[in-house]
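*Asks:*
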Amino acid sequence: MSKALDGVRILDFTHVQSGPTCTQLLAWFGADVIKVERAGAGDITREQLRDIPDVDSLYFTMLNHNKRSVTIDTKNPEGKQVLEALIQKCDVLVENFAPGALDRMGFTWERIQELNPRMIVASVKGFGPGPYEDCKVYENVAQCAGGAASTTGFDDGPPVVTGAQIGDSGTGLHLALGIVTALYQRTHSGRGQRVLAAMQDGVLNLCRVKLRDQQRLERTGVMKEYPQYPNGEFGEAVPRAGNASGGGQPGWILKCKGWETDPNAYIYFITQAPVWAKICNVIGKEEWATDADYATPAARLPHLKDIFAEIERWTMTKTKFEAMQILNKYDIPCGPILSMKEIAEEPSLRKTGTIVEVDHPTRGKYLTVGNPIKLSDSPTEVTRSPLLGEHTDEVMAELGYSPEQVSALRTAGAI
Ligand code: CAO
């Protein structure tokens, strides 16, 4: 079966996490992704957080599936010529270097356009234009500058970063959407364009509801679904909301049977309004279904802490999976707190290709997260990440270089 992005060639000049997640997605959708790395070193993640000596780390392998790897020293004049040939052959150049690095290499937007006016140049940067535009940025910096950290955690504690890599992988997703949109526009404009996804912007986009809450707070001085209500204080800025789900359907994380020894024996419980009567029945508080202090969502808001304490008395008598089973029978929205171990072992995720086992020539078998976006006409087959420079000869031949030229370039340190 053909793939959605068959025929699209990506010059993948990305490294670390944000850029590679973007190009990995494009590869999963069928694009030919040619990753350019420095000979001898490669993407720095190849050697970071290694669990097996001298073997590409899981950090690298899990972000670079389905790609080809070529080594080019793009600061060497002959290496530059090879990169130019690639720019002429590819549709999209994706990069996430520190600000200005591509220009310093000699590949300004103007130069790239001269070489290939149809080229789309897609970049991840930490910040968009403004006071921080020249800054280098990693995941947690973006989480802090994008509003996630100030709104995550508990009111009586410091700001907290989240395990979800919303700054890196989140921005990679944003960039991928920008790229396919630019490719679509090119079908009628005939021209390439620049695509920028700033990590601060990507995180803020994912924190949209918190900017909503900032404005609600400024207007009304209170947010009744937050745990600070009714007894705590609200300041000038959106506070950390603990595990509150916000919206019209308050939720919280509750202990389940075994919580004393299992750090993940918890369930997320949502007191969804349409099933309130069922919740009351399940936990044995039938009278709350008709009691004026509890019967409506608005009446419940000042009592949320007591309500969740009562529900927790019930969840603590069940394992998280038993509670799930019972609550789902009544359509009560809830979710078990799953550990990474439980997720890795979950058969249904293996079945859908969301968790995939991949074989690697030097590492052996390992697990990875497959493509979370499923296209019915463009199924994803996850193949292993390339070894450093594994495809240099192949790609050089496609660019028209003879084996003798390739070997001369290698001797000169250009590839
Ligand atoms: N041949 C020759 N030189 C190469 C090369 C190649 N194939 N590939 C990269 N280089 C050079 C670059 O040109 C750059 O050189 P100069 O500094 O002389 O211009 C140099 O390698 C280092 O690039 P860098 O500054 O991007 O790398 P860094 O490790 O110092 O910084 C990072 C890493 C991530 C902080 C920075 O790239 C960045 O801010 N990127 C944008 C934001 C981003 O994506 N962050 C997420 C990273 S994932 O957590």
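In terms of the numbering used here, the sequence shown is residues 9 to 423. All C-beta atoms, glycine included, are put in the ideal place defined by N, C-alpha and C.
Name the DSSP bridge partner or partners of LYS133?
*Replies:* On the sequence shown, residue 133 is found 125 positions in, with the first residue counted as 1. Answer is ALA206, bridged to LYS133.
*Asks:* Once DSSP output is grouped into helix, strand and coil, what is the label at PHE277?
*Replies:* Numbered from its first residue, the sequence shown carries residue 277 at position 269. In the structure shown, PHE277 sits in a strand (DSSP, three-state: E or B).
*Asks:* According to DSSP, which residues form a beta bridge with GLU244?
*Replies:* Reading the sequence shown from its first residue, position 236 is the one you call residue 244. Partner(s): none; GLU244 has no beta bridge.
*Asks:* Rounded to the nearest angstrom, what separates VAL24 and VAL102 at their Cα positions?
*Replies:* One-based indexing of the sequence shown puts residue 24 at position 16. One-based indexing of the sequence shown puts residue 102 at position 94. Straight-line Cα distance between these residues: approximately 13 Å.
*Asks:* So, are the CB atoms of THR170 and ASN104 less than 7 Å apart?
*Replies:* The residue given as residue 170 occupies position 162 in the sequence shown. The residue given as residue 104 occupies position 96 in the sequence shown. Contact flag unset, no.
*Asks:* Is it right to say THR298 is buried, meaning 16 or more other beta carbons lie within 10 angstroms of its own, or is it exposed?
*Replies:* Taking the sequence shown and counting its residues from 1, the one referred to as residue 298 is at position 290. Flag for THR298 reads exposed.
*Asks:* I'd like the list of long-range same chain contacts for VAL283, defined as Cβ closer than 7 Å, with 5 residues on each side in sequence excluded.
*Replies:* Working through the sequence shown from its first residue, we reach residue 283 at position 275. These residues qualify, in order along the chain: TYR338, ASP339 and ILE340.
*Asks:* Out of curiosity, what's the CA-to-CA distance linking ALA281 and PRO305?
*Replies:* If you number the sequence shown from 1, residue 281 lands on position 273. If you number the sequence shown from 1, residue 305 lands on position 297. The straight-line gap from Cα to Cα measures roughly 6 Å.
*Asks:* Do GLY200 and ILE128 come within 7 Å of each other at the CB atom, strictly closer than that value?
*Replies:* Your numbering for residue 128 matches position 120 in the sequence shown. Your numbering for residue 200 matches position 192 in the sequence shown. The answer is yes: Cβ separation under 7 Å.
*Asks:* Do the CB positions of GLU122 and SER77 come within less than 7 Å of each other?
*Replies:* Numbered from 1 along the sequence shown, position 114 holds the residue referred to as residue 122. Numbered from 1 along the sequence shown, position 69 holds the residue referred to as residue 77. Against a cut-off of 7 Å, the Cβ pair of SER77 and GLU122 comes out as no contact.
*Asks:* Please report the Cβ distance between ARG358 and THR69, rounded to the nearest whole angstrom; I am assuming they are in contact, meaning their Cβ atoms lie under 8 Å.
*Replies:* As a working mapping, residue 358 is identified with position 350 in the sequence shown. As a working mapping, residue 69 is identified with position 61 in the sequence shown. In fact, because the Cβ distance is near 18 Å, the residues do not count as touching under 8 Å.
*Asks:* State yes or no: is the C-beta of SER26 nearer than 6 Å to some heavy atom of ligand 1?
*Replies:* What you label residue 26 is simply residue 18 of the sequence shown in a count that begins at 1. Yes, since a heavy atom of ligand 1 falls inside the 6 Å radius drawn around the Cβ of SER26.
*Asks:* Taking all protein chains shown into account, do 16 or more other C-beta atoms lie within 10 angstroms of the C-beta of THR31, making it buried, or fewer, making it exposed?
*Replies:* On the sequence shown, residue 31 is found 23 positions in, with the first residue counted as 1. Burial call: buried.
*Asks:* Kindly indicate the opening and closing residues of the beta strand (DSSP E) around HIS196.
*Replies:* On the sequence shown, residue 196 is found 188 positions in, with the first residue counted as 1. Per DSSP, HIS196 belongs to no beta strand (DSSP E); it is in the alpha helix (DSSP H), 177 to 197.
*Asks:* Out of THR419, ALA39 and PHE329, point me to the one whose CA is closest to CYS264's CA.
*Replies:* For the purposes of this step, residue 264 is identified with residue 256 of the sequence shown, where counting begins at 1. Considering only alpha carbons, the answer is PHE329.
*Asks:* For a quick check, are the C-beta atoms of GLY210 and THR179 less than 7 Å apart?
*Replies:* As a position in the sequence shown, residue 210 is number 202, starting the count at 1. As a position in the sequence shown, residue 179 is number 171, starting the count at 1. Taking 7 Å as the Cβ cut-off, GLY210 and THR179 qualify as a contacting pair.
*Asks:* Specify, as a first and last residue, the run of the beta strand (DSSP E) that TRP3 falls within.
*Replies:* Here the chain comprises residues numbered 9 to 423, so residue 3 is not present and cannot be evaluated.
*Asks:* Any idea what DSSP makes of GLY372, helix, strand or coil?
*Replies:* For the purposes of this step, residue 372 is taken as residue 364 along the sequence shown, with counting starting at 1. It is a strand residue.
*Asks:* Using 6 Å as the cut-off, classify the Cβ of VAL16 as near or not near the heavy atoms of ligand 1, replying yes or no.
*Replies:* Here residue 16 is taken as the residue at index 8 of the sequence shown, counted from 1. VAL16: no, Cβ never under 6 Å from ligand 1.
*Asks:* Would you say ARG46 lies against chain C (beta-carbon separation less than 7 Å)?
*Replies:* Of the protein chains in the structure, only one exists, and it is not chain C.
*Asks:* Measuring CB atoms only, is the region 344 to 363 touching the region 374 to 392, in the sense that at least three cross pairs come out at less than 8 Å?
*Replies:* The region 344 to 363 vs the region 374 to 392: in contact.
*Asks:* Measure how close the beta-carbons of ALA252 and TYR234 come, nearest whole angstrom, since I'm counting them as under 8 Å.
*Replies:* To locate residue 252, count along the sequence shown from 1; it is residue 244. To locate residue 234, count along the sequence shown from 1; it is residue 226. Between TYR234 and ALA252 the Cβ distance is about 6 Å, and since that is below 8 Å, they are a contact.
*Asks:* In the DSSP output, what is LEU101 paired with across the bridge?
*Replies:* Here residue 101 refers to the residue found at position 93 of the sequence shown. LEU19 and VAL129, per the DSSP bridge assignment.
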